[in-house]
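Here's the structure we're looking at; comments come further down.
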Amino acid sequence: MVQISLMEEIKNIANVVDDYIVNNIKGEPEQLYKASLHYIINGGKRLRPFLTIKSANIFNGKLDITLPIASAIEITHNFTLIHDDIMDNDEERHGVPTVHKAYDLPLAILAGDLLIVKAFHLITNNAILAGLDRDIAIEISKKLAESCVDVSEGQVLDITFAKNKDFPSIDEYIHMIKKKTGALFKVACEIGALSANASDKDVKNLAAYGMNIGIAFQLVDDLIGVAGDPSKTKKPVGNDIREGKKTLPILLAMNKDRSIKEEILAVFGNKDAFNGSIKHVVELITNAGIDDEVRKEAKSYVKKALDNIKEYQGPDAHSLRVLAEFVVERTL
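Under my numbering, read the sequence shown as residues 40 to 371, first letter to last.
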């Protein structure tokens, strides 16, 4: 019942954010704006704007101010997705063609560029018009810019891992996902608290919560990429093995047993590998207890996240606690 309630809450906020984004991301030429909204209108979890709004609400934030900021976080996330898909040459996301496949490469690049510029416009124009203090708007813009730098650095690290013959250490991998994924979760909470005039201490607490939740989220996401149910993920079984993604489940499995390592390397990064061979490797990884190990690692970050917000009470803080537990248990 708790998770159902959380999902309803996330969906309700997602609907409000989606409506706001659609109403504010429009213009000519029409195809540019349609491309920029391609992922927005085709689903997604909207966890980052949920975090922004809940973080603001803990400190009695006003939705008129928080909504454009939460929307800015979501379209920043979509900007990263569009460019990430281009770099990975992915053909599908959320079960629909990626932007560069649905439209074309130049338009996809421009759609991503448009979104990141619009994100800062929502903060420095819409949020200020709604009553956000200008100095706070500058600070929020600064924090968002810093997170974009982190995401870019994290993406380069990820690309470097893929190009290198050697596998990264677990510490190197965690460092990468802190930047590539954790940074946006962190700033989502951080600027939510900032928008509600929270104290420096409170802003730091929410930022730390966001970072820890972001790391836990990515750890489980990587597990799903290796051993997720294709009927839910909309991707082939063991997709990340086929794609050659050096994620925590793979790193742990490679260190488990020499025979497992050899089996993984035989198909790792081979997009033409037989489904049966990939499925066999997934079974080896699962039977080796990697699912439990990854979720245990994710739980350690969730524990830190819960500690970051232990002093806050009320329904919005409770929602953040429930979300933390959900992040570890999710299968999609």
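All C-beta atoms, glycine included, are put in the ideal place defined by N, C-alpha and C. Computed from a predicted model, the values in this text were never measured in an experiment.
Asked                                                                                                                               : Found
Quick check: does the Cβ of Leu-290 come within less than 7 Å of any heavy atom belonging to the ligand GDP?                        : Because no ligand of any kind appears in the structure shown, any question about the ligand GDP cannot be addressed here.
Span of the alpha helix (DSSP H) holding Pro-207?                                                                                   : That residue, Pro-207, is in no alpha helix (DSSP H); it is neither H nor E in DSSP.
What's the gap between the Cα of Pro-136 and the Cα of Glu-130?                                                                     : 6 Å
Report back the beta-carbon spacing between Asp-124 and His-139 to the nearest angstrom; my notes put them in contact at under 8 Å. : 6 Å
Taking the runs of the alpha helix (DSSP H) that are 4 residues or longer, which of them lie wholly in the stretch 305–367?         : 314–326 and 329–347
Out of Ile-324, His-357, Gly-308 and Val-367, which has the shortest C-alpha to C-alpha gap to Lys-335?                             : Val-367
Exposed or buried, which one is Met-40 when buried takes at least 16 other CB atoms within 10 Å?                                    : Because the pLDDT of Met-40 is 45, which lies under 50, any placement of that residue in the model is unreliable, and the number read from its coordinates should be weighed accordingly. Met-40 is exposed by the Cβ-count criterion.
What are the residues that DSSP puts in a beta bridge with Pro-136?                                                                 : Glu-131
Pull up the distance between the alpha-carbon of Tyr-351 and that of Lys-338, whole angstroms please.                               : 20 Å
Can you look up Met-40 in the DSSP assignment and give me helix, strand or coil?                                                    : Only weak support exists for where Met-40 lies, its pLDDT of 45 falling under 50; the value from the coordinates is given anyway. In the structure shown, Met-40 sits in coil (DSSP, three-state: anything other than H, G, I, E or B).
Would you decide whether Glu-113 is buried or exposed? Buried here means 16 or more other CB atoms lie within 10 Å of its CB.       : buried
At what residues does the alpha helix (DSSP H) containing Pro-88 begin and finish?                                                  : 86–97
Counting along the chain, where does the alpha helix (DSSP H) carrying Arg-281 start and finish?                                    : 278–282
Please state the DSSP three-state secondary structure of Lys-157.                                                                   : helix
Report the residue from Ala-74, Val-333, Tyr-59 and Asn-63 whose alpha carbon sits nearest the alpha carbon of Ile-263.             : Val-333
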